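Top to bottom, those sequences are chains V and R.
Mapping the first sequence onto my numbering, position 96 (from 1) lands on 112, and the numbers just tick up by one.
Mapping the second sequence onto my numbering, position 117 (from 1) lands on 430, and the numbers just tick up by one.
Just so you know, even glycine gets a beta-carbon here, dropped at the ideal spot from N, CA and C.
A quick note: this is a predicted structure, and the numbers were derived from the prediction, not measured.
Just below is one structure, and these are the notes that go with it.
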Amino acid sequence: MSRLLPFFGFLLLVALFGFGIWWNTQHDQREVPSPLINKPAPAFVLPKLDDPSQTVSRDNLLGKPYLINVFASWCIACGEEHPVLMTQGKSIGVPIVGYNYKDAPDDAKAWLAKHGNPYDMVIADLEGRTAIDFGVYGAPESFLVDGKGVIRYKRIGPLTPEVIEKELKPAIAALAKEPAP
Amino acid sequence: MRRRLRHRALGALLQLGLLLFTGLAFAQAIDPLPFKDHAQEVRFQALTRELRCLVCQNENLADSNADLARDLRHEVFDLMQQGKSDDEIKQYLVDRYSDFVLYDPPVKSSTVLLWFGPLAILLAGAVVVVVTVRRRGRAAPVAVQDEKPNDEGDDW
Chain V
17 MSRLLPFFGF
27 LLLVALFGFG
37 IWWNTQHDQR
47 EVPSPLINKP
57 APAFVLPKLD
67 DPSQTVSRDN
77 LLGKPYLINV
87 FASWCIACGE
97 EHPVLMTQGK
107 SIGVPIVGYN
117 YKDAPDDAKA
127 WLAKHGNPYD
137 MVIADLEGRT
147 AIDFGVYGAP
157 ESFLVDGKGV
167 IRYKRIGPLT
177 PEVIEKELKP
187 AIAALAKEPA
197 P
Chain R
314 MRRRLRHRAL
324 GALLQLGLLL
334 FTGLAFAQAI
344 DPLPFKDHAQ
354 EVRFQALTRE
364 LRCLVCQNEN
374 LADSNADLAR
384 DLRHEVFDLM
394 QQGKSDDEIK
404 QYLVDRYSDF
414 VLYDPPVKSS
424 TVLLWFGPLA
434 ILLAGAVVVV
444 VTVRRRGRAA
454 PVAVQDEKPN
464 DEGDDW
């Protein structure tokens, strides 16, 4: 029995390493869970992309759930996500607020003109200061905010048809079941 | 001959060290910030070294060239100017980016394994070794005493 002990130890290590490899293929290693889930969205006041004289604040958006979608014209994965938003954005049932992140306004406008605009409104964060409050560390990222201004779901990386079906829509459906604020 | 070789190797090693050192010195000067004094700069360097860049995850904020790392460096700098303590600045970032931004994660239920796992494995190994040695000692004490000293002149 004791002679087999090293062998069992070896098997244990194999199992451990095997688990490690399996675990790392199961989830995106770059994904950092947001500590903001189920907390109020940070207060912000940001200008609209098409009319910087007008600003939008968190409090303006209270009352109805909405999706904030962080995007930029320089962001490659946003280009992958964009057609999905164009075809499925209207069907998710909540307004989509485009959050233009550290982008030159002219680049962003040209990008939306070229590829289409899936957003109900677009706000611009040139310096990325508010993005730090939101814990944004890349684009695209999406936040589902409920009518009380609480962040309920976050997606890091592009929204794909699969993610919309399996994660976003159930999250939105859960909001609809709650009494309106 | 041998000594000369050794000297040369030592020289090469020194040069390499010097090279690494100057490399580090350059890495510090990514963006010059208007520090009040040297002490504040040292504190800033130490602090940003303990914080992880989230885009380029295995680099710290001090060394990373990423856009976000620069923004966060400026944020840390601004918070320092506001008179915030190191802990307050860390908490500010943890509130936004979770414990992941810290290179030294705090001890709590989700990180117990991370902190004490290696120690537990080491202790388990030590227990196995002690048990094995004792059992062998008990099983064959006579055989060990009977054995002649195995000294036949080859010392090494």
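{"Asked": "Answer with buried or exposed for Glu-194(V), where buried requires no fewer than 16 other C-beta atoms within 10 angstroms of its C-beta.", "Found": "exposed"}
{"Asked": "Using only the alpha-carbon positions, how far apart do Leu-142(V) and Asp-162(V) sit?", "Found": "25 Å"}
{"Asked": "Leaving out the 5 sequence neighbours to the left and right, which residues in its chain are closer than 6 Å to Val-368(R) when beta-carbon positions are compared?", "Found": "Ala-379, Leu-381"}
{"Asked": "Does the pairing of the stretch 181 to 193 of chain V with the stretch 72 to 80 of chain V give three or more beta-carbon distances under 8 Å?", "Found": "no"}
{"Asked": "Going along the chain, which residues of its own chain have a beta-carbon closer than 6 Å to the beta-carbon of Gln-341(R), five neighbours each way excluded?", "Found": "For Gln-341(R), the pLDDT reaches just 48, beneath the cut-off of 50, and the residue's location in the model is therefore unreliable, although a value from the coordinates is still provided. Here the set comprises nothing."}
{"Asked": "Does the beta carbon of Leu-381(R) come closer than 7 Å to any beta carbon on chain V?", "Found": "yes"}
{"Asked": "Can you tell me where the alpha helix (DSSP H) holding Phe-23(V) begins and where it ends?", "Found": "21 to 42"}
{"Asked": "Check each candidate in Gly-165(V), Gly-114(V), Ala-31(V), Gly-25(V) and name the one with the smallest Cα separation from Glu-157(V).", "Found": "Gly-114(V)"}
{"Asked": "Would you mind listing the alpha helix (DSSP H) stretches within the stretch 84 to 155 of chain V that are 4+ residues and don't spill past its ends, in chain order?", "Found": "92 to 104, 121 to 131, 145 to 149"}
{"Asked": "For Ala-338(R), which residues from the same chain have a beta carbon less than 6 Å from its beta carbon, with the 5 sequence-adjacent residues on both sides left out?", "Found": "Reliability of the predicted coordinates at Ala-338(R) is poor, the pLDDT of 48 falling under 50, and the value obtained from them is presented with this limitation in mind. Hits under 6 Å: none found."}
{"Asked": "In three-state terms, what does DSSP make of Ser-422(R)?", "Found": "helix"}
{"Asked": "Under 9 Å between beta-carbons, which chain V residues line up against Glu-354(R)? List them in chain order, please.", "Found": "None at all; the shortest Cβ gap to chain V is about 22 Å."}
{"Asked": "Does any residue of chain V have a CB that is nearer than 7 Å to the CB of Asp-384(R)?", "Found": "yes"}
{"Asked": "Report yes or no: do three or more beta-carbon pairs, one from the stretch 93 to 106 of chain V and one from the stretch 30 to 49 of chain V, lie closer than 8 Å?", "Found": "no"}
{"Asked": "Can you tell me the Cα-Cα spacing of Ser-377(R) and Arg-383(R), whole angstroms?", "Found": "8 Å"}
{"Asked": "Are the stretch 167 to 175 of chain V and the stretch 115 to 131 of chain V in contact at 8 Å, needing three or more beta carbon pairs?", "Found": "no"}
{"Asked": "On the CB-based measure, 16 or more other CB atoms within 10 Å of its CB, does Phe-33(V) come out buried or exposed?", "Found": "exposed"}
{"Asked": "In the stretch 120 to 154 of chain V, which residues sit with their C-beta less than 7 Å from some C-beta in chain A, listed in chain order?", "Found": "This model lacks chain A altogether; the protein chains it does include are V and R."}
{"Asked": "Can you have a look at Ala-88(V) and say buried or exposed, based on whether 16 or more other CB atoms are within 10 angstroms of its CB?", "Found": "buried"}
{"Asked": "To the nearest whole angstrom, what separates the beta carbons of Leu-62(V) and Thr-146(V), a pair I think is in contact under 8 Å?", "Found": "6 Å"}
{"Asked": "Once DSSP output is grouped into helix, strand and coil, what is the label at Leu-436(R)?", "Found": "helix"}
{"Asked": "Does Gln-341(R) come within less than 7 Å of chain V when only Cβ atoms are used?", "Found": "Confidence is the limiting factor: at Gln-341(R) the pLDDT is only 48, short of 50, which leaves the residue's position unreliable, though a coordinate-based value still follows. So no, Gln-341(R) is outside the interface."}
{"Asked": "In chain order, what residues of the stretch 440 to 454 of chain R put their CB closer than 8 Å to some CB of chain V?", "Found": "Val-441, Thr-445, Arg-448"}
{"Asked": "Flag Ser-257(R) as yes if its beta-carbon sits less than 7 Å from any beta-carbon of chain V, otherwise no.", "Found": "Since the first and last residues shown for chain R are 314 and 469, residue 257(R) lies out of range."}
{"Asked": "Quick one: Cα of Glu-97(V) to Cα of Val-86(V), how far?", "Found": "11 Å"}
{"Asked": "Mind checking who Phe-413(R) pairs with in its DSSP beta bridge?", "Found": "Answer by DSSP bridge pairing: none, since Phe-413(R) is not bridged."}
{"Asked": "By the three-class DSSP mapping on this structure, what secondary structure does Asn-76(V) have?", "Found": "helix"}
{"Asked": "Whole-angstrom Cβ separation of Leu-160(V) and Leu-83(V), contact assumed at under 8 Å?", "Found": "5 Å"}
{"Asked": "In chain R, which residues lie with their C-beta within 7 Å of the C-beta of Ser-89(V)?", "Found": "Result: empty, since nearest Cβ-Cβ is about 14 Å, beyond 7 Å."}
{"Asked": "Whose Cβ in chain V lies nearer than 7 Å to the Cβ of Asp-408(R)?", "Found": "Pro-51"}
{"Asked": "Based on the DSSP output, what are the partners of Glu-157(V) in its beta bridges?", "Found": "Val-86(V), Ile-172(V)"}
{"Asked": "Apart from the five residues just before and just after Met-137(V), which ones in its own chain have a Cβ nearer than 8 Å to its Cβ?", "Found": "Lys-64, Val-72, Pro-111, Val-113, Gly-114"}
{"Asked": "When DSSP labels each residue in this structure, what does Leu-52(V) get in the three-state scheme?", "Found": "coil"}
{"Asked": "If you reduce the DSSP assignment to three classes, tell me which class Val-368(R) lands in.", "Found": "coil"}
{"Asked": "Note down, in chain order, each residue of its chain lying with its Cβ closer than 8 Å to the Cβ of Ala-301(R), except the 5 sequence neighbours on either side.", "Found": "Outside the displayed range of chain R (314 to 469) lies residue 301(R), so it cannot be described from this structure."}
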